[in-house]
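Numbering (my numbering), first residue to last: 1041 to 1108.
Quick reminder that beta carbons are idealized off the backbone N, C-alpha and C, glycines included.
Being a predicted model, the structure only gives us computed values, none of them experimental.
In what follows, a structure is listed as structure tokens, so that the remarks can point back to it.
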Amino acid sequence: MEIISVKITSVFETGAVKAKANAVLGRFGVRGIKVCEGKSGLFVAMPSYKSAKGKYIDIFFPMDKEAK
């Protein structure tokens, strides 16, 4: 799967989460990727989150009709 683009959306100086990003991987998009700092260094955490209204937001989705 080809990485087409990655966009850093937030950067944090304190706490375990150091940055958040969105990416386009081939014909799919991923929202809310987290770059975290652990005991062994930085790692990428797969996204998952719930909106303020309690509704789950799609985080991995097709970018075009063919991918659906």
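No Cβ-Cβ contact shorter than 7 angstroms links A1059 with V1046. Beyond the five residues adjoining it in sequence on each side, A1085 comes within less than 6 angstroms, by CB distance, of K1074 and C1076 in the same chain, given in chain order.
Per DSSP, the continuous beta strand (DSSP E) segment holding T1049 begins and ends at I1043 to V1051. Inter-residue distance for M1041 and F1100 is about 14 angstroms (C-alpha atoms, whole angstroms).
Judged by DSSP secondary structure, A1063 falls within the beta strand (DSSP E) whose first and last residues are V1057 to L1065.
In this structure, DSSP gives A1107 a state outside helix and strand, which the three-state scheme calls coil.
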